[in-house]
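Here this note's numbering = 1-based position in the first sequence + 17. In this text, a Cβ means the ideal position worked out from N, Cα and C, and glycines have one as well. Just so it is clear, the structure is predicted and the values come from calculations on it, not from any experiment. Have a look at the structure below, then the notes.
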Amino acid sequence: MPELPEVETVARQLDRRMRGARLRDITVLDRKLSTDVLEATGGRIVRIYRSGKQVVFELGFGRAAPRFLVVHLRMTGRLVWTDQKGSYDSEGMMTNDGFDASTKSLRAKLRFDRGELFFFDTRRFGTLTHHSNVSDFAPRGVEPLSADFTTEQLHAMLRRAKQGVKAFFMRQDRIVGVGNIYASEILFRAGVSPKRSCHTLKRAEIEKLYAALRKVLSDAIAHSGTTFSDYRDSHGKSGSYQFRLAVYDRQDETCRKCRQAKIRRIVQQQRSTYFCPTCQR
DNA sequence: ATTATATCCTGATCGC
DNA sequence: TGCGATCAGGATATAA
């Protein structure tokens with residue numbers, strides 16, 4: 018489900034609501050999850066932030082070393098925070114009254130002094146892990162929105178890569194955060210065909226890709242990410258970037274830029290890629 | 001060393 | 001309505 022903008026949105030919302038809360042009790046309901054996470058019991062939330070596509074809960078233990086709970090939502094993971102004010106769903110929903118956690122996709126419950134955090138995940142690809150050191154869960158790739166990520170760096174990475182440009186942008190060991198939706202969107206914005214190989218890209222194209230990467234991700238964050246399911250009946254906090262998607266999931270629809278060509282869908286690495294054959298070369 | 005493929009899971013949707 | 005096939009916003013172990 019979530020790529021960088023969605024995970025950033027979740028982390029910000031949870032940080033605002035949960036910072037300072039004391040973790041009283043953890044219930045692990047899915048055997049796939051390690052019970053190591055119980056070691057975080059008793060900690061107080063110092064902050065919640067995003068690292069790559071992970072949500073990181075930093076827990077303080079007085080003078081003792083901090084510990085970290087790390088959630089990766091993968092395809093279908095959701096985090097729901099509930100307190101006296103209501104429930105906040107990481108898909109962007111605010112549910113005013115009684116939240117029902119009685120579903121089989123519930124994989125873990127974290128009870129705090131001020132509320133409760135539920136981890137749902139229907140496909141069970143998601144992970145919840147416990148770590149004592151930041152380096153143990155740090156992604157290998159660079160953060161695309163960080164100040165020290167430069168167009169020179171992207172240029173160097175692309176020159177080394179021998180694969181297609183779309184596959185490259187989805188590699189988390191080079192640049193973190195881009196998934197299947199934003200890969201198509203970034204290539205569209207840069208005017209680069211997804212069929213291109215990295216080593217054929219010219220300097221000017223790489224500069225466009227760099228700008229598109231940062232612009233698409235930061236715009237999506239500004240709109241609280243992309244929400245596919247539930248956005249119709251969501252209240253307020255729901256992501257709205259799905260209305261700004263230029264190509265993703267728009268097969269056979271007219272291109273919003275040239276207003277001529279129809280958006281095409283092809284399959285690359287068994288994933289859907291969407292592009293405009295006119296605007297992208 | 002790098003890059004394709006198979007695999008982990010469940011549920012919604014599609015075509016017959 | 002039923003049923004099998006196909007499709008999902010991710011990442012990794014394994015194979016080539």
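Would you grab the beta carbon distance between Val193 and Lys70 for me? Rounded to a whole angstrom, and I think it's under 8 Å. If you number the first sequence from 1, residue 193 lands on position 176. If you number the first sequence from 1, residue 70 lands on position 53. 7 Å between Cβ atoms; contact.
Taking 8 Å as the cut-off, decide whether the C-beta atoms of Thr26 and Ile238 are in contact. The sequence position of residue 26 within the first sequence is 9, counting from 1. The sequence position of residue 238 within the first sequence is 221, counting from 1. Contact flag set, yes.
If we count Cβ pairs, one from each stretch, closer than 8 Å, do we get three or more for the region 125-134 versus the region 179-188? Because the criterion of three Cβ pairs below 8 Å is not met, the region 125-134 and the region 179-188 do not touch.
Smallest Cα separation from His216: which of Arg267, Ala228, Leu171? As a working note, residue 216 is residue 199 in the first sequence. Of Arg267, Ala228, Leu171, the residue nearest in Cα terms is Leu171.
Would you tell me roughly how many angstroms separate the C-alpha atoms of Leu86 and Thr146, rounded to the nearest one? Here residue 86 refers to the residue found at position 69 when the first sequence is read from its first residue. Here residue 146 refers to the residue found at position 129 when the first sequence is read from its first residue. Approximately 6 Å between the Cα atoms of the pair.
Counterpart residues of Glu133 in DSSP-defined beta bridges: Residue mapping note: residue 133 aligns to position 116 of the first sequence, counting from 1. Paired residues: Thr99, Arg128.
Give the range of the beta strand (DSSP E) segment to which Arg67 is assigned. By 1-based counting over the first sequence, the position of residue 67 is 50. 61-68 is the span of the beta strand (DSSP E), which, as asked, contains Arg67.
On the DSSP letters alone, give me the boundaries of the beta strand (DSSP E) that Ser289 sits inside. Reading the first sequence from its first residue, position 272 is the one you call residue 289. 288-292 is the extent of the beta strand (DSSP E) around Ser289.
How about Asp47 and Arg141: are their beta carbons less than 8 Å apart? Along the first sequence, read from residue 1 onward, the residue named residue 47 stands at position 30. Along the first sequence, read from residue 1 onward, the residue named residue 141 stands at position 124. In this structure, Asp47 sits near Arg141, with a CB-CB distance shorter than 8 Å.
Can you say whether Asp250 is buried or exposed, counting buried as having 16 or more other CB atoms within 10 angstroms of its CB? If you number the first sequence from 1, residue 250 lands on position 233. Bear in mind that the predicted position of Asp250 carries a pLDDT of just 37, short of 50, making it unreliable; the figure below should be weighed with that in mind. By the neighbour-count rule (16 or more Cβ atoms within 10 Å), Asp250 is not buried but exposed.
When you compare only the Cα positions, how much space is there between Gly158 and Leu226? As a position in the first sequence, residue 158 is number 141, starting the count at 1. As a position in the first sequence, residue 226 is number 209, starting the count at 1. Their Cα atoms are separated by approximately 17 Å.
Does the Cβ of His252 have 16 or more other Cβ atoms within 10 Å, making it buried, or fewer, making it exposed? The sequence position of residue 252 within the first sequence is 235, counting from 1. Summary for His252: the model assigns pLDDT 38, below 50, so the residue's position carries little reliability; its value from the coordinates is reported in the next sentence. His252 comes out exposed.
Anticipated Cβ contact below 8 Å, Tyr199 with Val233, distance rounded: As a working mapping, residue 199 is identified with position 182 in the first sequence. As a working mapping, residue 233 is identified with position 216 in the first sequence. Confirmed, about 6 Å.
Quick test of your reading: Ser210 and Gln297, contact by CB under 8 Å. State the CB separation rounded to the nearest angstrom. Position 193 of the first sequence, counted from the start, is the residue given in the question as residue 210. Position 280 of the first sequence, counted from the start, is the residue given in the question as residue 297. The Cβ separation is near 4 Å, so the contact holds.
Could you check which residue in Lys126, Leu123, Leu40, Ser68 has the C-alpha nearest to that of Val195? Counting from one through the first sequence, the residue named residue 195 turns up at place 178. When each option's Cα is compared against that of Val195, the closest is Ser68.
If you draw a straight line from the C-alpha of Val284 to the C-alpha of Ser201, how long is it? For the purposes of this step, residue 284 is taken as the residue at position 267 of the first sequence. For the purposes of this step, residue 201 is taken as the residue at position 184 of the first sequence. Those two C-alpha atoms are separated by around 12 Å.
Taking Thr120 as part of the alpha helix (DSSP H), name the residues at either end of that continuous run. The residue you call residue 120 lines up with position 103 of the first sequence. Where Thr120 is concerned, there is no enclosing alpha helix (DSSP H), given that its DSSP letter is neither H nor E.
Grab the span of the beta strand (DSSP E) containing Val72 for me, first residue to last. Stepping through the first sequence from its first residue, residue 72 is reached at position 55. That run of the beta strand (DSSP E) goes 71-78.
Classify Ala125: buried if its beta carbon has 16 or more other beta carbons within 10 angstroms, exposed otherwise. The count along the first sequence starts at 1 and reaches residue 125 at position 108. Looking at its Cβ environment, which holds 16 or more other Cβ atoms inside 10 Å, Ala125 is buried.
Between the beta-carbon of Phe186 and the beta-carbon of Ala263, is there less than 8 Å? One-based indexing of the first sequence puts residue 186 at position 169. One-based indexing of the first sequence puts residue 263 at position 246. Result no, Cβ atoms of Phe186 and Ala263 do not sit closer than 8 Å.
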